[in-house]
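Colleague:
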Amino acid sequence: MKTKADGNCGYRAISILLTGVEDYFWDIRIKIYEYIISEGENIWGIKSHEKINEFRQKLEKILQMSPNAVGEKFWCGNEDLYALADLFECNIYTFSPNPLRNYPHITPHYKNNVKIPEAPTLFLLWINNNHFEPIIGFN
Numbered sequence: 000m001k002t003k004a005d006g007n008c009g010y011r012a013i014s015i016l017l018t019g020v021e022d023y024f025w026d027i028r029i030k031i032y033e034y035i036i037s038e039g040e041n042i043w044g045i046k047s048h049e050k051i052n053e054f055r056q057k058l059e060k061i062l063q064m065s066p067n068a069v070g071e072k073f074w075c076g077n078e079d080l081y082a083l084a085d086l087f088e089c090n091i092y093t094f095s096p097n098p099l100r101n102y103p104h105i106t107p108h109y110k111n112n113v114k115i116p117e118a119p120t121l122f123l124l125w126i127n128n129n130h131f132e133p134i135i136g137f138n
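In numbering that gives the first Met the number 0, the protein residues as written are 0 to 138.
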């Protein structure tokens, strides 16, 4: 399933995985930002006041915007995925067919960096190192 390439693709892909449609991407982004601001000190992969403040500033800007295309500093990243894994107590995997050295073919995002056996698992495709799409099923 394709997601719109407008800087919101990561949140659009998450929306599709959670609800079946892209429509909730903006709300999901806001909830992730709010969760990072309130719980970031306890989220593996964040745990930094600098990162929490970065997300606070991003949230302030996003709340002043309408759901439109955004620049690279607002793209979904590892921190968002660690926060989502923590919030939903799920496992998240991203698959990249063309990996970078610091972003291998398969990257796990777990709560506390520990896979939760039998927890729900979300799968994302990371294409060309700049676009997310949901992985709905496997053949």
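Idealized CB from N, CA, C, for every residue including glycine.
1) Let's see if you can read the secondary structure: which residues bound the alpha helix (DSSP H) around residue 130?
2) Assign residue 92 to one of three DSSP states: helix, strand, or coil.
3) So, residue 122 versus residue 81, is the Cβ gap smaller than 7 Å?
4) Would you mind giving the Cβ-Cβ distance between residue 23 and residue 54, rounded to the nearest angstrom? I have them listed as a contact below 8 Å.
5) Can you look up residue 125 in the DSSP assignment and give me helix, strand or coil?
6) Residue 117: buried (16+ other C-beta within 10 angstroms of its C-beta) or exposed?
7) So the beta strand (DSSP E) residue 105 belongs to, where does it begin and stop?
8) Would you mind working out which of 114, 85, 133, 137 sits nearest residue 42, comparing C-alpha positions?
9) Are the segment 94 to 109 and the segment 52 to 70 touching, with three or more C-beta to C-beta distances below 8 Å?
10) For residue 83, which residues of its own chain have a beta-carbon under 7 Å away from its beta-carbon, when the five flanking residues on both sides are left out?
11) I'd like the list of long-range same chain contacts for residue 36, defined as Cβ closer than 7 Å, with 5 residues on each side in sequence excluded.
12) Could you please give me the residues that DSSP links to residue 120 through a beta bridge?
13) Could you give the uninterrupted runs of the beta strand (DSSP E) lying entirely in the segment 20 to 88, keeping only those of 3 residues or more?
Modeller: Result, derived from the coordinates:
1) Counting along the chain, residue 130 falls outside any alpha helix (DSSP H), though it belongs to the beta strand (DSSP E) covering 130 to 133.
2) strand
3) no
4) Rounded, the Cβ-Cβ distance is 19 Å, inconsistent with contact.
5) strand
6) exposed
7) 105 to 108
8) 85
9) no
10) 13, 31, 91
11) 51, 54, 55, 58
12) 90
13) none
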